[in-house]
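Report on the following structure.
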Amino acid sequence: MDDEQPPVDDLPFAELWAFAAESGDEAARLALLRGADLVVPASADGAAAWPLAQSQGRDWVTVWTSPELVPAAGGPAGPWQVASFAELVLHWPDPAWGLAVDLGTPHPLLLEPGAVSRLLAPDLADEVAAAPGEVVWVQQVVPIAGIDPLLHEREARVSGQVQRAADLEHVGAPTVLLQALGRADEELALVTDEGSVHLLRWPVLAPGLYGVDRDAMGLGPGRTTPVREYRVDQVALPHGAGLVELDRHGAETQRARYDALHGRWRLLVPVPAGERA
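Mapping the sequence shown onto UniProt numbering, position 81 (from 1) lands on 81, and the numbers just tick up by one.
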């Protein structure tokens, strides 16, 4: 009787990485990389040193999947710091740089500059096509002065930057949310006297209308957590879009829901007069 094989999830990362490389399964390696912790040389102050290698007329940031691989690959001496792939992209210094993983080892991987951002923040249309049964929700912070005009729009449309709602589910207080979005300096315009912010939230129905800024690696300007961000221009809100209040304790209350069939907002909890423009 053959010995039982351990589940794939129980195999060490190095074995999975080597097996995918030797099998020529680049999709599996990219999936592993997306969730990997990577070893990056650190400077004296503990910040990432961003070691570069030149190849094919391009600069590549060199990282490794294990500190044991670095000496044999001729990499720089420590100290080291460990960063997730998402953290690495969040602080990426130059969108023109590629990523070289395990350079000088038997299983290197070179990721072109555009592919670095697409691995963490793929084009929304491609992502939806790959998982047609899943619904993607996005959201946008509504300025205090914009609440009343929004609720009186008969054909509600949205322009500007919107964020992936799932990336912000763990964020509690409004001030922490604004830090994650890189908008802490706009607190006076966005946070009510009671300490709440209002979020316009809706499901994506036409993903091709949601553009990604590759110069920003597909992420918002905040540097506390990776938040996928999209650019829209006069996108019509779908039926069921909601206006949500996030209070200072992190609790959410849906204040209104958009009825696209009749072109009007239906209030669920009246908006206090003091919060209207």
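For glycine and all other residues, C-beta sits at the position ideal for the given N, C-alpha and C.
Tell me which residues share the same chain as residue i and place their Cβ nearer than 6 Å to its Cβ, disregarding the 5 neighbours each side in the sequence.
{"i": "V70", "result": "W64"}
{"i": "G195", "result": "R248"}
{"i": "H262", "result": "none"}
{"i": "A14", "result": "none"}
{"i": "Q234", "result": "R157 and S159"}
{"i": "Q5", "result": "With a pLDDT of only 48 at Q5, under the threshold of 50, the placement of this residue in the model should not be trusted; the figure read from the coordinates follows. Excluding residues within five positions, none has a Cβ falling inside 6 Å."}
{"i": "W92", "result": "M217"}
{"i": "T62", "result": "P51, A53, A100 and L103"}
Going by the CB atoms, is the gap between residue j and residue i shorter than 8 Å?
{"i": "W137", "j": "R201", "result": "yes"}
{"i": "G218", "j": "S117", "result": "yes"}
{"i": "V142", "j": "L177", "result": "no"}
{"i": "residue 305", "j": "W17", "result": "Residue 305 lies beyond the range of the chain shown here (1 to 277); nothing can be said about it."}
{"i": "A184", "j": "I144", "result": "no"}
{"i": "V162", "j": "Y230", "result": "yes"}
{"i": "L246", "j": "A256", "result": "no"}
Rank the options by C-alpha distance to the C-alpha of residue i and give the top, closest one.
{"i": "V158", "options": "T62, L243 and R34", "result": "L243"}
{"i": "L90", "options": "Q140, D59 and A216", "result": "A216"}
{"i": "T225", "options": "G172, A115 and E22", "result": "G172"}
{"i": "A206", "options": "E22, P132 and Q56", "result": "P132"}
{"i": "Q56", "options": "L246, L111 and H239", "result": "L111"}
{"i": "Q54", "options": "A241, A100 and R266", "result": "A100"}
{"i": "residue 280", "options": "Q254, W50, G208 and A20", "result": "Look at the range of the chain in this structure, 1 to 277, and you will see that residue 280 is not part of it."}
{"i": "T253", "options": "E153, V197 and L11", "result": "V197"}
{"i": "R154", "options": "D213, W265, P95 and E68", "result": "W265"}
{"i": "V232", "options": "D94, P108 and G208", "result": "G208"}
{"i": "A241", "options": "A260, G250 and A251", "result": "A260"}
Which stretch, first to last residue, makes up the beta strand (DSSP E) that contains residue i?
{"i": "Q179", "result": "Q179 -> not in any beta strand (DSSP E); alpha helix (DSSP H) instead, spanning P174 to A180."}
{"i": "V235", "result": "E229 to A236"}
{"i": "G218", "result": "First-last for G218: undefined, no H or E at that position."}
Quick one: residues in its chain with C-beta nearer than 8 Å to the C-beta of residue i, no 5 flanking neighbours on either side, listed in chain order?
{"i": "V204", "result": "L124, V128, V135, V136, W137, V138 and Y210"}
{"i": "G74", "result": "G104"}
{"i": "P7", "result": "With a pLDDT of only 49 at P7, under the threshold of 50, the placement of this residue in the model should not be trusted, and no figure is reported."}
{"i": "A277", "result": "Residue confidence for A277 is low, a pLDDT of 49 falling below 50, so the modelled location carries little weight and cannot support an answer."}
{"i": "L32", "result": "F13, L16, W17 and A20"}
Using a Cβ-Cβ distance cut-off of 8 Å, determine whether residue i contacts chain D.
{"i": "A173", "result": "In the structure shown, chain D does not exist; there is a single protein chain."}
From what residue to what residue does the alpha helix (DSSP H) around residue i run?
{"i": "E187", "result": "E187 to L190"}
{"i": "L88", "result": "F85 to L90"}
Near residue i, which residues of its chain fall below 7 Å by C-beta distance, leaving aside the five closest residues on each side in sequence?
{"i": "A180", "result": "L168, V171, G222, T224, T225 and V227"}
{"i": "A86", "result": "L120 and P226"}
{"i": "D126", "result": "none"}
{"i": "P174", "result": "V191, G195, S196, V197, L246 and R248"}
So what does residue i bridge to, in DSSP terms?
{"i": "H198", "result": "V142 and E245"}
{"i": "L38", "result": "A83"}
{"i": "Y258", "result": "W265"}
{"i": "P203", "result": "W137"}
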